[in-house]
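Undergrad: One structure follows; several queries about it will come next.
Numbering (the working numbering), first residue to last: 1 to 256.
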């Protein structure tokens, strides 16, 4: 085993133990390995191991934050893993002008935070469908799955819808046939002690429960928890945890 797969196994074990402590089945929690700024060779190595490891934290799923890097890496990983079953999520901020580049390219977009962005994604999906070859017999793809990012700490420097505007955004999304809201996502304020993130995870869960009832939406997913605090997030209801550094190691932040 390599150091990469050893770290991965350790994270999976911690996820399973956290799920047990919260009285939930291990399969309730899915790991999204954040591979931004790490090479396609590392992703392919982990995907091969992940697919055969029998893990109960979902199949190989990777999250990317930068559109150009993600599209390049997806192609490189596909070349290294012909026929490999890898799911990609987009976990970074999405600019409205980049909507065409992300819609339909990722299994889940974690960071929809405004009606403006939702409208741009809807329009991009409509355009994508209009460009399909006439007479194509394959069924049209289903709606793009999205999560609504909530600025859970109301921090001005961070993206995300204000908690007070969440239901308005969800109601707007419900009218957009090309998008399907599947839950909420947050990045809590930076804290020294992971336990200090717990109240924000509780708040996101409570917001989800209220909004689900008020808007008549299922919203099954809560994307919350990263390398430093994912165990607390799981104990408070996370269904998706985004772990990068504790799997891949430190990154060199030369952002594209």
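By construction, the Cβ of each residue, glycine as well, lies at the ideal position given by its N, Cα and C atoms.
Please determine if the segment 26 to 44 and the segment 231 to 245 are in contact, where contact requires at least 3 C-beta pairs separated by less than 8 Å.
TA: yes
Undergrad: Helix, strand or coil for residue 72 per DSSP?
TA: Stepping through the chain shown from its first residue, residue 72 is reached at position 72. Helix, per DSSP.
Undergrad: Tell whether a beta-carbon distance below 8 Å holds between residue 195 and residue 233.
TA: Here residue 195 refers to the residue found at position 195 of the chain shown. Here residue 233 refers to the residue found at position 233 of the chain shown. No.
Undergrad: Grab me the residues of residue 16's own chain with a C-beta within less than 6 Å of its C-beta, minus the 5 sequence neighbours each way, in chain order.
TA: Residue mapping note: residue 16 aligns to position 16 of the chain shown, counting from 1. Correct list, in chain order: 26.
Undergrad: To which residues of the same chain is residue 96 closer than 7 Å at the C-beta, ignoring the five residues directly before and after it?
TA: In the chain shown, the residue the question calls residue 96 occupies position 96. Counting only Cβ-Cβ distances below 7 Å, and skipping sequence neighbours, we find 116, 117 and 120.
Undergrad: In whole angstroms, what is the alpha-carbon distance linking residue 157 and residue 151?
TA: Stepping through the chain shown from its first residue, residue 157 is reached at position 157. Stepping through the chain shown from its first residue, residue 151 is reached at position 151. So the two alpha carbons sit approximately 10 Å from each other.
Undergrad: Would you tell me roughly how many angstroms separate the C-alpha atoms of residue 148 and residue 155, rounded to the nearest one?
TA: As a first step, residue 148 must be located in the chain shown, where it is residue number 148. As a first step, residue 155 must be located in the chain shown, where it is residue number 155. Spanning the two alpha carbons is a distance of roughly 16 Å.
Undergrad: I need the DSSP call for residue 29, collapsed to helix, strand or coil.
TA: Mapped onto the chain shown, residue 29 falls at position 29. Of the three classes helix, strand and coil, the one that applies to residue 29 here is coil, per DSSP.
Undergrad: Using CA coordinates, which residue listed in 8, 20, 77 and 213 is at the minimum distance from residue 238?
TA: By 1-based counting over the chain shown, the position of residue 238 is 238. Looking at the Cα atoms, 20 is the closest of the given residues.
Undergrad: Shortest alpha-carbon distance to residue 214 belongs to which of 175, 168 and 223?
TA: Counted from its first residue, the chain shown places residue 214 at position 214. Residue 168 is the option with its Cα nearest to residue 214.
Undergrad: Measuring only the C-alpha atoms, how far is residue 175 from residue 3?
TA: Locating residue 175 in the chain shown gives position 175, counting from the first residue. Locating residue 3 in the chain shown gives position 3, counting from the first residue. Each residue's alpha carbon lies about 47 Å from the other.
Undergrad: Return the chain-ordered ranges of every alpha helix (DSSP H) run that is complete within the segment 147 to 219 and spans a minimum of 4 residues.
TA: 166 to 174 and 198 to 215
Undergrad: Assuming residue 108 contacts residue 93 (C-beta within less than 8 Å), just tell me the rounded distance between them.
TA: Within the chain shown, the letter at position 108 stands for residue 108. Within the chain shown, the letter at position 93 stands for residue 93. Residue 108 to residue 93, Cβ: 15 Å. No contact.
Undergrad: Let me check understanding here. Comparing Cα to Cα, which of 251, 200, 177 and 170 lies closest to residue 224?
TA: Here residue 224 refers to the residue found at position 224 of the chain shown. Closest by alpha carbon: 200.
Undergrad: Per DSSP, what are the beta-bridge partners of residue 63 in this structure?
TA: If you number the chain shown from 1, residue 63 lands on position 63. Beta-bridge pairing links residue 63 to 34 and 89.
Undergrad: Need the endpoints of the beta strand (DSSP E) that residue 81 sits in, please.
TA: Along the chain shown, read from residue 1 onward, the residue named residue 81 stands at position 81. No beta strand (DSSP E) contains residue 81, which DSSP labels as neither H nor E.
Undergrad: Could you give the residue range of the alpha helix (DSSP H) that holds residue 102?
TA: Position 102 of the chain shown, counted from the first residue, corresponds to residue 102. For residue 102, the enclosing alpha helix (DSSP H) covers residues 99 to 102.
Undergrad: According to the neighbour-count rule (16 or more other Cβ atoms, all chains shown, within 10 Å of its Cβ), is residue 255 buried or exposed?
TA: Start at 1 with the first residue of the chain shown, and residue 255 comes out as number 255. With a pLDDT of only 47 at residue 255, under the threshold of 50, the placement of this residue in the model should not be trusted, and no figure is reported.
Undergrad: Here's the rule I'm using: 16 or more other beta-carbon atoms within 10 Å means buried, otherwise exposed. How should residue 164 be labelled?
TA: Counting from one through the chain shown, the residue named residue 164 turns up at place 164. Counting C-beta atoms within 10 angstroms of its own C-beta, residue 164 has fewer than 16 neighbours from the protein chains shown and is therefore classed as exposed.
Undergrad: Applying the criterion that 16 or more other CB atoms from any shown protein chain within 10 Å of the CB defines a buried residue, is residue 142 buried or exposed?
TA: As a first step, residue 142 is located in the chain shown; it is residue number 142 there, counting from the start. Residue 142 should be labelled exposed.
Undergrad: Is it the case that the Cβ atoms of residue 209 and residue 160 are separated by a distance below 8 Å?
TA: Mapped onto the chain shown, residue 209 falls at position 209. Mapped onto the chain shown, residue 160 falls at position 160. No, they are not a contact pair.
Undergrad: Does chain B have any CB closer than 8 Å to the CB of residue 148?
TA: Chain labels in this structure do not include chain B; a single protein chain is all it has.
Undergrad: Rounded to the nearest angstrom, how far is the Cβ of residue 170 from that of residue 217, given a contact under 8 Å?
TA: Counting from 1 along the chain shown, the entry for residue 170 is found at position 170. Counting from 1 along the chain shown, the entry for residue 217 is found at position 217. That belief holds up - the Cβ atoms of residue 170 and residue 217 are roughly 6 Å apart, short of 8 Å.
Undergrad: DSSP on residue 227, reduced to helix/strand/coil?
TA: Numbered from 1 along the chain shown, position 227 holds the residue referred to as residue 227. In this structure, residue 227 counts as coil in the three-state DSSP scheme.
Undergrad: Of the choices 11, 144, 184 and 91, whose alpha-carbon is the least far from that of residue 55?
TA: For the purposes of this step, residue 55 is identified with residue 55 of the chain shown, where counting begins at 1. The candidate whose alpha carbon is nearest that of residue 55 is 11.
Undergrad: Measuring alpha carbon to alpha carbon, tell me which of 221, 185, 146 and 61 ends up nearest residue 104.
TA: Position 104 of the chain shown, counted from the first residue, corresponds to residue 104. Comparing Cα positions, the closest option is 146.
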